[in-house]
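Undergrad: Residue numbers (this note's numbering): 1193 to 1585.
Sharing a structure below in structure tokens format, with a few things to ask.
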Ligand code: LLP
């Protein structure tokens, strides 16, 4: 949609609004599926990135699986068209109730992050008279060179089983009568744009597979998690992430054994660019040395800038021209970290203008809160609105 169409769509609407470009979402998804399909790879959408029903339905209708991190996500996946056999369930801290629900549902696999978790799942499966498919999540001790708060694959990290404990699992696995060990799982971090990081992961997995082979173990599946980054700066060229290079990196570097199925869990790369947070300017004011633009969206709608120092591109959709001014764009919440951008150049901006905060489809709306008793942002899907663009002049 063009800027003026978006502005027009916002005319009689309360802000802030999360707007989703459903055509871009479908396009992105089709490209990801086609790229992965060349090598027979299987995708599970990491629904923690965005669990809106319409987005989940878009994913399930195209046959991708779901990667869930809570019982409620498993439930939402089922309600939105994913089949139990296409669901994987991850997380370092699954509750008994969540495990029971997933066992009753008959999901494809649990991604297990500790030996104790394996024991408990085995025990509960035995009590219920079922078998549980599991992947063992290993921590491969690889630096993803991404933001500290979203790296997960370094040795001293709560995620996965430290490599050293794999032997203990191998010794004990025969005791786990109600467990079917399907494969290994890895996830080393998020917003990774350097393919060398994934190459390193592949080399590490190759070594582990060699060791397993020496012990006579051949696993039917491998899951390498998610983590593929997007371009938050260059929106035109980076509208759709380079899935080709990503999957090709695995194809070139990972030695799959005969019949072994490779799984991925992309989140951000599938949905981030389809979302735009639209907000209205409430006030402008001059500080001592800065010009502030106060908007009606806040860290309760989009936490990433406050939490990670993430930079999202911002544009003033209401004005294309006007003197360029350097602004600090801030929200109304009573926290000094409620700032979207410190030095953003916008045309001279005024009360009532509509600002677009881009690339917010992933980890945006789903990380919102009601702090300060704020209302949640409205949701608008591009395929549910009709905008008759007024003729200029
Ligand atoms: N699989 C596992 C086991 C994960 O932990 C994650 C993300 C994914 C898949 C999906 O990763 P993606 O493809 O989206 O990078 N809130 C943060 C990101 C946290 C990611 C957590 N795990 C942010 O806003 O950047």
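Note that the Cβ used here is the ideal one computed from N, Cα and C, for glycine as well.
1) Alpha carbon to alpha carbon, how far is residue 1427 from residue 1287?
2) Report the residue from 1394, 1518, 1556 whose alpha carbon sits nearest the alpha carbon of residue 1470.
3) Is any non-hydrogen atom of ligand 1 found closer than 8 Å to the C-beta of residue 1177, if you look at the structure I gave you?
4) Where do the ends of the alpha helix (DSSP H) carrying residue 1526 lie?
5) Does DSSP put residue 1585 in a helix, a strand or coil?
6) Excluding the five sequence neighbours on either side, which residues of its own chain have a C-beta within less than 6 Å of the C-beta of residue 1211, listed in chain order?
7) Look at residue 1281 and residue 1314 and say whether their C-beta atoms are less than 9 Å apart.
8) Once you ignore the five residues that flank residue 1477 on each side, which residues in its own chain have a CB closer than 6 Å to its CB?
9) Any chance you could list the beta strand (DSSP E) runs of at least 3 consecutive residues sitting entirely within the region 1390-1441, in chain order?
10) Under 8 Å, with one C-beta from each stretch per pair, do the region 1219-1233 and the region 1399-1414 reach the 3-pair mark?
11) Residue 1375 bridges to which residues according to DSSP?
12) Would you say residue 1379 touches ligand 1, meaning its beta carbon is less than 8 Å from a heavy atom?
13) Taking 8 Å as the cut-off, does the CB of residue 1350 come closer than this to any heavy atom belonging to ligand 1?
14) Does the beta-carbon of residue 1448, which I'm using as the reference point, lie nearer than 8 Å to any heavy atom of ligand 2?
15) For residue 1329 and residue 1532, I'd like the C-alpha separation in whole angstroms.
16) Can you tell me which of the three DSSP states residue 1313 falls into?
17) According to the Cβ coordinates, are residue 1359 and residue 1460 closer than 9 Å?
18) Does the region 1514-1521 come into contact with the region 1426-1445, if we say contact requires no fewer than three beta-carbon pairs (one atom in each stretch) closer than 8 Å?
19) Measure from the alpha carbon of residue 1379 to the alpha carbon of each residue in 1367, 1354, 1363, then state which is nearest.
20) Smallest Cα separation from residue 1405: which of 1542, 1295, 1448, 1324?
TA: Judging by the given coordinates:
1) 40 Å
2) 1556
3) Residue 1177 is absent from the model: the chain starts at 1193 and stops at 1585.
4) Where residue 1526 is concerned, there is no enclosing alpha helix (DSSP H), given that its DSSP letter is neither H nor E.
5) Residue confidence for residue 1585 is low, a pLDDT of 40 falling below 50, so the modelled location carries little weight; the figure read from the coordinates is stated next. Coil.
6) 1468, 1470, 1572
7) no
8) 1484
9) 1413-1415
10) no
11) 1327, 1413
12) yes
13) no
14) This structure does not include ligand 2; its bound ligands are ligand 1.
15) 35 Å
16) helix
17) no
18) no
19) 1354
20) 1448
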